[in-house]
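Peer 1: Here it is, the structure, as structure tokens.
Protein chains: 2
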Amino acid sequence: MKIGIYGLGRFGAFWGDQLSKIGTVVGYSRNKDREVPKSITKVSEEEVLSSDVIIICVAISSMENFLISIKDKIKPGTLLMDTCSVKVYPVELMKKILPPWANIIGTHPMFGPDSGKLGVAGLPIVISEVRATKEQYNFWIEKFNQLNLSVIEMTPDEHDKEAAYTQGITHFIGRTLADLHLKRSSISTTGYNSLLDIIKLTCNDEYQLFLDLQKYNSYTSLMRTDLKNSLNRILNIIESEGDISNG
Amino acid sequence: MKIGIYGLGRFGAFWGDQLSKIGTVVGYSRNKDREVPKSITKVSEEEVLSSDVIIICVAISSMENFLISIKDKIKPGTLLMDTCSVKVYPVELMKKILPPWANIIGTHPMFGPDSGKLGVAGLPIVISEVRATKEQYNFWIEKFNQLNLSVIEMTPDEHDKEAAYTQGITHFIGRTLADLHLKRSSISTTGYNSLLDIIKLTCNDEYQLFLDLQKYNSYTSLMRTDLKNSLNRILNIIESEGDISNG
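Just so you know, the sequences run in chain order F and S.
Converting from the first sequence to our numbering requires adding 4 to each position, the first position being numbered 1.
Converting from the second sequence to our numbering requires adding 4 to each position, the first position being numbered 1.
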């Protein structure tokens, strides 16, 4: 099986390397100087698009333009699988833009080069059947199981609802804490070290991924409102108890 | 050496148990039904106050009344050591209220029954010389080193400044996240699990400890303002990028 990775950014290169355990991986990046793991052979856009399965590793915000640019180059029966951190938005785009003869599976590998640096065994991947044969769908569940991933079947909507209050809130807290320029301290408590871990686990990713997670998952708007309300509730409790430092 | 623990709440009982490795530990609690580890002998208030060293494990907000209630019962040369999570406020109270013949060392063991459940080796304890002999002070540094603690000498002011942006912010985030009722999820990322760890590490403590940390450390007011500003800055970035879910 030839697996084509479209987009060799931080995540695309990492995911392609993992997938090389179950097939031959070729990859294409617009940036021709991009360095990739030895397990991925860099090829032309045309060759990636002729793979048995095309794994889309472009930014969520680039999906629409990307799909428009490739839609006329897809051969009948090709399977396209996105890897976006939100699901409703890219899945709707794929259904709308890709030709009817292209098959579609939505995935969200919920890890990256940081959280998966010691291996991906046990880490979750969400899979959504969108427009694929039962055989294709079951084949990929089996392949992800072979990588020892924790495979979770969900609809795009179920995914976005749950991800807003797990991954979405984590990235939001991570970016907020990073904005505070917190540093390691000689009096770091165990809890504070977990706080610093969150910064590290979220802020190595491109800022665009963070923004896209918040912008393209419609449930994160509610999450941010809830978070702001909780923060204000705790601030009010402290104030109503009388902050002695303010007299 | 007889070590007297005044206050056998969650932290007092834990700390007394640790200190039993370096001396005979007696303890007093107003709550006579309070269960304590076998390593601590429950005794009368009078007996605890006659120990070589009195370790004060009462809530920060109770310190003033506590010190007033015991000040006339302290024998000359007795060493009193508080364990409050803030330092300027209780140290000033001890200097003001305790008789001049009482010696004083400020400490902040920066761990508790949760973070220290697998042992306290390597965990930090802050120590401040307030009104003690050089011998007493060095003796306790040595004793804490014997417990394999990471002993950090700081002034009360240095401690409070640093703790506001480490322990203070961690507890604030933990309480805010707890208010959101976040739950474990089948699609928990590594970062999200760290977020849940923070809730666990901060919310098992009494709510009073959280409030006291925020109220009696004058630097936490600035920390909360900084945190709120960072949160709003990130919210504004997301909004200015245009939240597509809001049209």
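Ideal Cβ placement from N, Cα and C applies to all residues, glycine included.
Being a predicted model, the structure only gives us computed values, none of them experimental.
DSSP three-state call for ASP183 of chain S: helix, strand or coil?
Peer 2: Of the three classes helix, strand and coil, the one that applies to ASP183 of chain S here is helix, per DSSP.
Peer 1: Quick one: what's GLY110 of chain F bridged to in DSSP?
Peer 2: Paired residue(s): F:ASP86 and F:SER132.
Peer 1: Residues of chain S with a CB under 7 Å from the CB of GLU245 of chain F: which are they?
Peer 2: Within 7 Å Cβ-Cβ: LEU215 and LYS219.
Peer 1: Please specify which runs of the beta strand (DSSP E), each continuous and at least 3 residues long, are wholly inside the segment 164 to 216 of chain S, giving them in chain order.
Peer 2: Taking only runs of at least 3 residues, no beta strand (DSSP E) segment lies wholly in the segment 164 to 216 of chain S.
Peer 1: Using the DSSP secondary-structure output, state which residues sit across from VAL124 of chain F in a beta bridge.
Peer 2: Beta-bridge pairing links VAL124 of chain F to no other residue.
Peer 1: For PRO128 of chain F, would you say it is in contact with chain S, using Cβ-to-Cβ distances shorter than 7 Å as the test?
Peer 2: Taking Cβ atoms only, chain S reaches closer than 7 Å to PRO128 of chain F, which makes this a yes.
Peer 1: Excluding sequence positions up to five away, which residues of its chain have a Cβ less than 7 Å from the Cβ of ALA125 of chain S?
Peer 2: Taken in chain order, the residues that qualify are ASN152.
Peer 1: Tell me where the alpha helix (DSSP H) around THR159 of chain F begins and ends.
Peer 2: Per DSSP, THR159 of chain F belongs to no alpha helix (DSSP H) and is neither H nor E.
Peer 1: Can you check whether the CB of ILE156 of chain F is closer than 7 Å to the CB of MET227 of chain F?
Peer 2: Going by C-beta atoms, MET227 of chain F is not nearer than 7 Å to ILE156 of chain F.
Peer 1: Just to confirm, are SER189 of chain S and GLU166 of chain F a CB contact at a threshold of 7 Å?
Peer 2: Going by C-beta atoms, SER189 of chain S is nearer than 7 Å to GLU166 of chain F.
Peer 1: Please list the residues of the segment 146 to 171 of chain S that have a C-beta atom closer than 9 Å to any C-beta atom in chain F, keeping them in chain order.
Peer 2: The segment 146 to 171 of chain S vs chain F, Cβ under 9 Å: SER154, ILE156, MET158, HIS163, GLU166, ALA167, TYR169, THR170 and GLN171.
Peer 1: Assign THR229 of chain F to buried or exposed, taking buried as 16 or more other Cβ atoms, counted over all protein chains shown, within 10 Å of its Cβ.
Peer 2: With fewer than 16 other Cβ atoms within 10 Å, it is exposed.
Peer 1: Out of S:TYR32, S:GLU162 and S:ASP37, which has the shortest C-alpha to C-alpha gap to ILE44 of chain S?
Peer 2: ILE44 of chain S has its Cα closest to that of S:TYR32, out of S:TYR32, S:GLU162 and S:ASP37.
Peer 1: State the DSSP-derived secondary structure class of GLY8 of chain F, mapped to helix, strand or coil.
Peer 2: GLY8 of chain F: strand per DSSP, three-state reduction.
Peer 1: Look up ASN250 of chain F in the DSSP assignment and say whether it is helix, strand or coil.
Peer 2: Any reading at ASN250 of chain F needs caution, since the residue's pLDDT is 41, under 50, leaving its predicted position unreliable; the model's value is listed next. Residue state, collapsed to three classes: helix.
Peer 1: May I ask you to list the residues that DSSP assigns as paired with ILE238 of chain S?
Peer 2: In the DSSP output, where bridge partners are listed per residue, ILE238 of chain S has none listed.
Peer 1: Of all Cβ atoms in chain S, is any one closer than 7 Å to the Cβ of THR174 of chain F?
Peer 2: Cβ-Cβ to chain S under 7 Å: yes for THR174 of chain F.
Peer 1: Look up ILE281 of chain S in the DSSP assignment and say whether it is helix, strand or coil.
Peer 2: An answer regarding residue 281 of chain S cannot be provided, because it is not within the stretch 5 to 251 covered by chain S.
Peer 1: Which partner residues of SER66 of chain S appear in the DSSP bridge assignment?
Peer 2: The partner list for SER66 of chain S (beta bridge, DSSP) is empty, contrary to what the question assumes.
Peer 1: Taking a cut of 8 Å between CB atoms, which residues from the segment 192 to 207 of chain F lie near chain S?
Peer 2: Residues SER192, THR193, THR194, GLY195, TYR196, SER198, LEU199, ASP201, ILE202, LEU205 and THR206.
Peer 1: Give the interface partners of GLY178 of chain F over in chain S, defined as CB-CB distance under 7 Å, in chain order.
Peer 2: The answer, in chain order, is GLY195.
Peer 1: Thinking just about the alpha-carbon of each residue, which of F:SER89, F:LEU97 and F:ALA136 is nearest to the one in LYS75 of chain F?
Peer 2: It is F:LEU97 whose Cα lies nearest to the Cα of LYS75 of chain F.
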